[in-house]
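Chemist: Chains as they are written, first to last, in the working numbering: chain A, 1 to 242; chain B, 1 to 250. Glycine included, every Cβ here is placed at the ideal spot set by N, Cα and C. Sharing a structure here in structure tokens format.
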């Protein structure tokens, strides 16, 4: 890929707004996401985070403004995004592009089974897995393709606290070896600070961007690490919650 | 063990009550045959090959009517389930016809198809088709939207979405609907065979009634009931396939 293509933002929103009927959900959103960046959008419940991801993923069309996206995009959902009639192995295989020949496909699936640590569960069905395991399969499936942009719709919010912490760490480690551009939405401020290169704080409806906060902090970002508590406080202030 | 033994115990108890009541002359003469009379008639029908032939005739008609209804109703149900326009245009009429008892179609079955297998097959088709359309449509309309979003992300085309997503997603409910429909088809074949054919378990019962042979009527009923159980078990077994178990695991 040329340097010029690398410089171009993977995602660019200009004046984006979205209405459900007469109800204005999102308004005046301007945002650029650079290649390899991990942007976390954080906002209160009901502020339109899932709608925003629907727009970014191309599943909804903006009422106003434009969205430019480069390359392929995949979304990881909170729960239930896996095909329940397929085994872990077959779910992962659906993530590999259809043009890949069978041998290479099987090799890729085996690779991703290793990465997500579910080799022994390859022939299990999603309903036989724990919530954390299911989200790992979702992550593996999304990354098994030539995905340029990974969208995450509160993927860990249905998990228990310990699993959630573990999954955040795994996401960061996996992205370190398989770099992708990521937009992650969550209502969880701690999660935002642990993951993000940059946090986008969203306000109440009609939702606009209140502020963006670059987070050049070292990883892993444990709660006691320098700068983490301060970043969380800044976001709380922005949301008017302090 | 309990699933095999317990039904045998309850069945044995019912048989015993029936035998005791018969021995005590509890039923007016000619109204209820004794278990011994039925057993004799059953053995006769079995040995002469008549019972097997009638069962095969009935199964043949049910198979045609049921398979015909399934291969036409499922695509139509998918269309109605996934397209709001088609649903608005057709669903009220599907429900209209679904409410009609298949018995009401008997005059037309004879006028249109004459005698022999076709009118009976037609009645079985009518009895199951509209039910299956509605069940398929309801299942297809309830497929979670997230599967379609994932399919789009994964680059599925229209065909892949239909066959790999929608059909798989509705399969557990579809199997339940088919299980109910095969039961209905099996009930209707008896009525269908009483009108325009000279074979089948329905004919056996009708013929026995004309000859006042209540023992043979019961033989027909027992055969119908046992085959009904067998058909139901076959569909229940299908639904336990590992790739379908998610439907009942949630």
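#1: Which stretch, first to last residue, makes up the alpha helix (DSSP H) that contains residue 136 of chain B?
#2: Can we say the stretch 213 to 221 of chain B touches the stretch 159 to 175 of chain B, given the rule of at least three CB pairs closer than 8 Å?
#3: Label residue 216 of chain A either buried or exposed according to how many other C-beta atoms from any shown protein chain fall within 10 Å of its C-beta, with 16 as the threshold for buried.
#4: Could you pull out every unbroken beta strand (DSSP E) segment of at least 3 residues lying fully inside the stretch 128 to 195 of chain A, listed in chain order?
#5: When DSSP labels each residue in this structure, what does residue 59 of chain A get in the three-state scheme?
#6: Less than 8 Å between CB atoms is the rule here; does residue 186 of chain B satisfy it with respect to chain A?
#7: Alpha carbon to alpha carbon, how far is residue 116 of chain A from residue 134 of chain A? Give it in angstroms, no decimals.
#8: Hey, could you find the ends of the beta strand (DSSP E) residue 31 of chain A is sitting in?
#9: Pull up the distance between the alpha-carbon of residue 101 of chain B and that of residue 78 of chain B, whole angstroms please.
#10: List, in chain order, every chain A residue whose beta-carbon is nearer than 9 Å to that of residue 149 of chain B.
#11: For residue 146 of chain B, go through chain A and note every residue whose CB falls closer than 7 Å to its CB, in chain order.
#12: For residue 1 of chain A, collect the residues of the same chain with a Cβ closer than 7 Å to its Cβ; drop the 5 residues on either side in sequence, then sort them by chain order.
#13: Starting from residue 75 of chain A and walking both ways along the alpha helix (DSSP H), at which residues does that stretch end?
#14: Does residue 39 of chain A come out as helix, strand or coil in the three-state DSSP assignment?
#15: Report buried or exposed for residue 240 of chain A, applying the criterion of at least 16 other Cβ atoms within 10 angstroms of its Cβ.
#16: Checking 8 Å against the spacing of the C-beta atoms, do residue 99 of chain B and residue 201 of chain B come in under that value?
#17: Can you check whether the C-beta of residue 250 of chain B is within less than 8 Å of a C-beta belonging to chain A?
#18: Please check if any C-beta of chain A sits within less than 8 Å of the C-beta of residue 155 of chain B.
#19: Against chain B, with Cβ distances strictly below 8 Å, would residue 207 of chain A count as a contact?
#20: Alpha carbon to alpha carbon, how far is residue 250 of chain B from residue 207 of chain B?
#21: Should residue 120 of chain A be labelled buried (16 or more other beta-carbon atoms within 10 Å of its own) or exposed?
#22: Return the residues of the stretch 151 to 182 of chain B that lie within a Cβ-Cβ distance of less than 9 Å from chain A, sorted by chain order.
#23: My guess is that residue 205 of chain A and residue 28 of chain A are in contact by the Cβ rule of under 8 Å, so how many angstroms apart are they, rounded?
#24: Starting from the Cα of residue 42 of chain A, find the closest Cα among A:24, A:195 and A:223 and give me that residue.
#25: Have a look at residue 37 of chain B and residue 105 of chain B and give me their C-alpha separation to the nearest angstrom.
#26: Are the C-beta of residue 17 of chain B and some C-beta of chain A separated by less than 8 Å?
#27: Using the beta-carbon of each residue, which ones in chain B are nearer than 9 Å to residue 97 of chain A?
#28: Quick one: is the Cβ of residue 87 of chain B within less than 7 Å of any heavy atom of the ligand ZN?
#29: Closer than 8 Å between beta carbons: that is the criterion. Which residues of the stretch 89 to 121 of chain A meet it against chain B?
Modeler: Quick look at the numbers:
#1: 117 to 141
#2: no
#3: Label assigned to residue 216 of chain A: exposed.
#4: As summarised for the stretch 128 to 195 of chain A, the continuous beta strand (DSSP E) elements at least 3 residues long and confined to that stretch are 149 to 153 and 181 to 186, given in chain order.
#5: coil
#6: no
#7: In this structure, the straight-line span from the alpha carbon of residue 134 of chain A to that of residue 116 of chain A is close to 10 Å.
#8: For residue 31 of chain A, the enclosing beta strand (DSSP E) starts and ends at 23 to 33.
#9: 24 Å
#10: Per Cβ cutoff of 9 Å: 54, 57, 59, 75, 77 and 81.
#11: 77, 80 and 81
#12: At residue 1 of chain A the pLDDT is 43, less than 50, meaning the model places this residue with poor confidence and gives no usable figure here.
#13: That residue, residue 75 of chain A, is in no alpha helix (DSSP H); its beta strand (DSSP E) goes 73 to 76.
#14: strand
#15: That one is exposed.
#16: no
#17: Only weak support exists for where residue 250 of chain B lies, its pLDDT of 48 falling under 50; the coordinates are left without a value.
#18: yes
#19: no
#20: With a pLDDT of 48 at residue 250 of chain B, under the threshold of 50, the modelled position of that residue is not reliable, and the figure given next carries that caveat. Straight-line Cα distance between these residues: approximately 49 Å.
#21: exposed
#22: 151, 152, 153, 154, 155, 156, 160, 164, 165, 168, 169, 171 and 172
#23: About 13 Å separates the two Cβ atoms, so there is no contact after all.
#24: A:195
#25: 36 Å
#26: no
#27: Correct list: 154 and 155.
#28: No copy of the ligand ZN occurs in the structure displayed, which carries no ligand at all.
#29: If the cut-off is 8 Å between Cβ atoms, the stretch 89 to 121 of chain A has 94, 95, 97 and 98 near chain B.
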